[in-house]
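Peer 1: So for the sequence shown, full-length UniProt numbering puts the first residue at 1; every next one is plus one. Glycine included, each C-beta is placed from N, C-alpha and C at the ideal position.
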Amino acid sequence: MKTWASMLLALVLAVTGATMVGAGALRLLGSRTTAPGTVSETPPGRTFSPDETERSLDYWSPERLQETDADAGDPGFWAGRPLDERPPEPVTPTAVQRPYESRPEAIIGRLFFVDDKGRRGSCSATVVDSPTRNMVWTAGHCVHGGRGGTWFRDMVFIPAYNSGGDLRDQRAFAPYGKWAVEFAGTSNMWIKYGAHKENSAYSWDYGAFTVAPNRAGQRLQDVLGAGARIYFNPPRDLLVSSFGYPAGAPYRGDTLYRCDSRVSNYRPRGSVAGQDLNGPPMFWIGCGMTSGSSGGGWFANIGGQVYLVSNTSMGWHDAGVQAGPYLDQGAREVFEKLVRTSEHVRSPA
């Protein structure tokens with residue numbers, strides 16, 4: 001663990017007189033919350049049987065990993081500009097130096113899935129510290145189609161994904177292997193109201209999943225040696241580093257990118273079923289990543305430690321802007337449900 005901490009210090013950057021951070025949020029002592037929130041109904045989830053997880057691992061051949069649809073399962077990216085008149089200043093993404101497996105960014109990877117329309121797609125996701133040592137954080141729309149949709153299937157997570165590697169050698173493009181999703185969860189609000197257009201349901205566009213042990217019986221966090229610590233109800237005046245694998249043009253999903261930006265508050269526009277859901281204001285930042293980066297973690301240095309504070313939810317690539325949900329009590333409930341469920345998922349829900 002000392003090695004990870006020293007690598008994190010090497011990633012700290014001074015930007016406009018403040019501290020920006022890399023993805024090595026790796027003082028991993030569990031999640032943190034600072035303020036109570038409203039208690040919601042139990043977050044929904046989907047369990048995958050051992051047969052389904054094995055099928056998922058077999059389904060995602062090296063060839064299929066290269067044949068994903070950049071827009072499948074990722075409704076949150078649009079051309080043009082956001083409806084808000086004062087978006088953040090655009091930021092051009094910077095490629096993260098390879099090899100990822102030797103850096104704190106190894107906890108970040110790609111989530112591959114077949115969406116509820118039968119299309120192969122991908123998102124970004126981050127291994128997070130949990131008592132069960134097998135949890136990964138992403139966007140809600142990366143695991144469920146939202147209003148009128150269903151849970152995605154054949155979901156596989158590849159940490160430190162590197163498609164620049166030799167596809168004939170899994171250790172090259174998947175240095176820590178492929179991990180089958182055995183349970184996925186998101187917010188009730190995303191399932192009830194999520195849509196393929198900008199609307200207020202994106203305030204709840206967060207999700208998580210747990211992965212089955214690998215075929216050697218190991219748990220994900222034990223193999224990686226780390227996971228990001230989540231800060232629920234974080235401060236709103238933050239500098240963040242966001243990470244993701246953008247796959248929409250001009251990107252191809254084969255490289256991990258980052259953006260460094262100050263956050264500001266954003267309230268998504270657009271009613272759902274004729275009503276404004278009036279959710280908590282989201283964060284938004286300057287970042288020109290495209291579809292495929294959804295679900296990628298946003299990290300901030302708070303009190304000298306690095307935490308995951310949001311995830312990419314939607315963006316306007318022409319404007320170089322992205323937004324992510326504020327991780328409040330509802331997000332914490334999703335996290336806690338996965339912890340409770342993780343040791344008991346062995347049959348379909």
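Spell out whether any CB of chain D is found under 8 Å from the CB atom of S342.
Peer 2: No chain D appears in this structure, which consists of one protein chain only.
Peer 1: Under 8 Å: do the region 139-158 and the region 194-202 share three or more Cβ pairs, one atom per stretch?
Peer 2: These segments touch.
Peer 1: Please list the segments of the beta strand (DSSP E) lying wholly inside the region 104-179, counting only runs of 3 or more residues, in order along the chain.
Peer 2: Runs found: 108-114, 120-128, 135-138 and 153-159.
Peer 1: To the nearest angstrom, report how far apart F115 and V263 are at their CA atoms.
Peer 2: According to the sequence shown, residue 115 is Asp rather than Phe. Between D115 and V263, the C-alpha separation is close to 30 Å.
Peer 1: Just mark K178 as buried or exposed, buried being the case when its beta carbon has 16 or more other beta carbons within 10 Å.
Peer 2: K178 is buried by the Cβ-count criterion.
Peer 1: Drop a sphere of 10 angstroms on the beta-carbon of L13, count the other beta-carbons inside from all chains shown, and report buried for 16 or more, exposed for fewer.
Peer 2: Caution is warranted here: a pLDDT of 32 is assigned to L13, below 50, making its placement in the model unreliable, and no coordinate value can be reported.
Peer 1: Confirm, please, whether the CB-CB distance from P44 to N188 is below 8 Å.
Peer 2: Yes, the Cβ-Cβ distance between N188 and P44 is below 8 Å.
Peer 1: When burial is assigned at 16 or more other CB atoms within 10 Å of the CB, is E333 buried or exposed?
Peer 2: E333 comes out buried.
Peer 1: How about G286 and V91: are their beta carbons less than 8 Å apart?
Peer 2: In this structure, V91 lies closer than 8 Å to G286 by Cβ.
Peer 1: From P131 to V339, what distance separates their C-alpha atoms?
Peer 2: Those two C-alpha atoms are separated by around 7 Å.
Peer 1: Nearest to P280 by CA position, among V211, L224 and Y206, is which residue?
Peer 2: P280 has its Cα closest to that of Y206, out of V211, L224 and Y206.
Peer 1: Determine the closest residue to D328 out of P246, P93, R236 and Q322, with distance taken between C-alpha atoms.
Peer 2: Answer by Cα proximity: R236.
Peer 1: Which residue marks the beginning of the alpha helix (DSSP H) containing S342, and which one marks its end?
Peer 2: Per DSSP, S342 belongs to the alpha helix (DSSP H) from Q329 to S342.
Peer 1: To the nearest angstrom, how far is it from the Cα of P175 to the Cα of L277?
Peer 2: The straight-line gap from Cα to Cα measures roughly 42 Å.
Peer 1: Do the region 250-259 and the region 215-224 make contact, defined as three or more Cβ pairs closer than 8 Å?
Peer 2: Because the criterion of three Cβ pairs below 8 Å is not met, the region 250-259 and the region 215-224 do not touch.
Peer 1: I need the DSSP call for S102, collapsed to helix, strand or coil.
Peer 2: Looking at S102 - three-state DSSP - the assignment turns out to be helix.
Peer 1: Have a look at S294 and S61 and give me their C-alpha separation to the nearest angstrom.
Peer 2: Those two C-alpha atoms are separated by around 22 Å.
Peer 1: W284 bridges to which residues according to DSSP?
Peer 2: The partner list for W284 (beta bridge, DSSP) reads S264 and A323.
Peer 1: For E198 and T53, which I take to be in contact (beta-carbon distance under 8 Å), what is that distance rounded to the nearest angstrom?
Peer 2: No, E198 and T53 are not in contact; Cβ-Cβ is about 34 Å, not under 8 Å.
Peer 1: Which of the three DSSP states is assigned to N189 in this structure?
Peer 2: Note that residue 189 corresponds to Met in the displayed sequence, not to Asn. Three-state DSSP puts M189 in a helix.
Peer 1: Does DSSP classify A195 as helix, strand or coil?
Peer 2: It is coil, neither helix nor strand.
Peer 1: Assign V102 to buried or exposed, taking buried as 16 or more other Cβ atoms, counted over all protein chains shown, within 10 Å of its Cβ.
Peer 2: Correcting the residue type first, residue 102 is Ser in the shown sequence and not Val. Label assigned to S102: exposed.
Peer 1: One question on the structure: do G303 and T312 come within less than 8 Å of each other, judged by their Cβ atoms?
Peer 2: Cβ distance not < 8 Å, so G303 and T312 don't count as in contact.
Peer 1: So what does DSSP say about Q66, is it helix, strand or coil?
Peer 2: The answer is coil: DSSP assigns Q66 none of H, G, I, E or B.
Peer 1: Mind checking which residues open and close the alpha helix (DSSP H) that includes Q223?
Peer 2: Note that residue 223 is Val in the sequence shown here, rather than Gln. Taken as a continuous stretch (DSSP letters only), the alpha helix (DSSP H) holding V223 covers L220 to L224.
Peer 1: Using the Cα positions of T255 and S342, report the straight-line distance between them to the nearest angstrom.
Peer 2: Roughly 30 Å separates the two Cα atoms.
Peer 1: If we ignore side chains and look at the alpha-carbon of each, how far apart do A125 and Y231 end up?
Peer 2: Those two C-alpha atoms are separated by around 16 Å.
Peer 1: Thinking C-beta only, is G109 closer than 8 Å to P159?
Peer 2: In contact: P159 and G109 (Cβ atoms closer than 8 Å).
Peer 1: Could you pull the start and end residues of the alpha helix (DSSP H) that T53 belongs to?
Peer 2: It spans P50 to Y59 - the alpha helix (DSSP H) in which T53 sits, taken as one unbroken run.
Peer 1: If V309 and G315 are in contact, beta carbons under 8 Å, what's the gap, nearest whole angstrom?
Peer 2: That pair is no contact at about 17 Å.
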